[in-house]
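From first to last, the protein sequence lines stand for chains A and B. When we follow my numbering, the leftmost residue of the first sequence carries the number 14, and every step to the right adds one. When we follow my numbering, the leftmost residue of the second sequence carries the number 14, and every step to the right adds one. No residue lacks a Cβ here, since even glycine has one placed at the ideal position from N, Cα and C.
2 protein chains.
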Amino acid sequence: MVVIYRTPPDVAAFDTHYFDVHLPLAHQLPGLRRYEVSKRPIATPAGDAEPYLVAILYFDNLDALRQAFATPEGRACAADRRVLAPRDEDVQMYLFESAEV
Amino acid sequence: MVVIYRTPPDVAAFDTHYFDVHLPLAHQLPGLRRYEVSKRPIATPAGDAEPYLVAILYFDNLDALRQAFATPEGRACAADRRVLAPRDEDVQMYLFESAEV
């Protein structure tokens with residue numbers, strides 16, 4: 014899962030909430046194998062501007078990811094994500110399986 | 014680097030070009046450590062609709078990535094990307110370093 018947050022109005026408050034609240038919640042997702050968060054700067058040579066944070070969460074497969082978000086821990090994560098990004102346009106989420114090519 | 018292509022007008026032509034032309038070009042990027050491409054479907058519970066393909070290219074760091082795109086191979090990749098996604102709004106690219114958290 015790739016999650017892209019746009020630059021929030023209050024970056025300090027976002028950072029505090031992301032790392033102190035959201036990250037511990039995400040670490041409770043069943044089946045989470047790896048969790049990476051972008052450092053700044055994020056360069057964008059084309060397309061969308063103003064990304065602030067990109068998170069990549071790795072699960073064994075799409076089913077494992079869906080199952081994780083169906084648990085209480087997953088619902089807590091999703092609810093907290095809406096604190097970080099109240100409007101749908103503040104965040105993009107892409108859930109997919111990938112293969113090395 | 015995360016690259017997100019929107020659904021193109023001609024998906025069959027996109028696929029052919031992506032896998033037969035772009036992928037071999039990308040594999041020539043100096044310093045490319047790993048290259049993953051999404052399988053379908055890509056679920057999008059919030060935000061951007063109609064993603065068609067997500068590619069994740071791994072390099073040692075952001076400098077290595079920038080150096081790769083400054084080479085003839087990198088310029089060929091970038092030029093070919095514009096064949097796949099002629100308009101900037103057809104693609105999003107995010108270049109960043111990430112850390113496991």
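At the 8 Å Cβ level, is residue 65(A) part of the contact set with chain B, yes or no? Walking along the first sequence from the start, residue 65(A) turns up at place 52. Residue-level contact check: residue 65(A) does not touch chain B, since none of the beta carbons of chain B fall below 8 Å from its beta carbon.
Interface residues of the stretch 44-61 of chain B facing chain A [CB-CB below 9 Å]: So the list reads 47, 48, 49, 50, 51, 52, 53, 54, 55, 56, 57, 58, 59, 60, 61, given in the order they occur along the chain.
Between 84(A), 103(A), 73(A), 86(A), which lies nearest to residue 47(A) when the distance is taken from Cα to Cα? Start at 1 with the first residue of the first sequence, and residue 47(A) comes out as number 34. Nearest to residue 47(A) by alpha-carbon distance, out of 84(A), 103(A), 73(A), 86(A), is 73(A).
Among residues of its own chain, excluding the 5 on either side of residue 49(A), which ones have a beta-carbon nearer than 6 Å to its beta-carbon? As a position in the first sequence, residue 49(A) is number 36, starting the count at 1. Only 69 meet the Cβ criterion.
Taking residue 30(B) and residue 96(B) to be in contact with their CB atoms under 8 Å, please state how far apart those CB atoms are, rounded to whole angstroms. Reading the second sequence from its first residue, position 17 is the one you call residue 30(B). Reading the second sequence from its first residue, position 83 is the one you call residue 96(B). Right, their Cβ atoms sit about 7 Å apart.
On a Cα-Cα basis, can you pick out the residue from 19(A), 106(A), 18(A) that is closest to residue 63(B)? Here the question's residue 63(B) lines up with position 50 in the second sequence. The residue with the shortest Cα to Cα distance from residue 63(B) is 106(A).
For the stretch 19-78 of chain B, list the alpha helix (DSSP H) runs that are entirely contained and at least 4 residues long, ordered along the chain. Runs found: 24-30, 36-39.
What does residue 108(A) pair with, by DSSP beta-bridge criteria? Within the first sequence, numbered from 1, the residue matching residue 108(A) stands at position 95. Looking at the DSSP assignment, residue 108(A) forms a beta bridge with 56(B).
To be precise: take each residue of the stretch 90-103 of chain B, compare its Cβ to all Cβ atoms of chain A, and keep it if any distance is under 7 Å. Which residues remain? Flagged, chain order: 101, 102.
Just to make sure I have the definition right: I need the residues of chain B whose C-beta is within less than 7 Å of the C-beta of residue 36(A). Which are they? Stepping through the first sequence from its first residue, residue 36(A) is reached at position 23. Near residue 36(A) (Cβ distances below 7 Å), the residues of chain B are 114.
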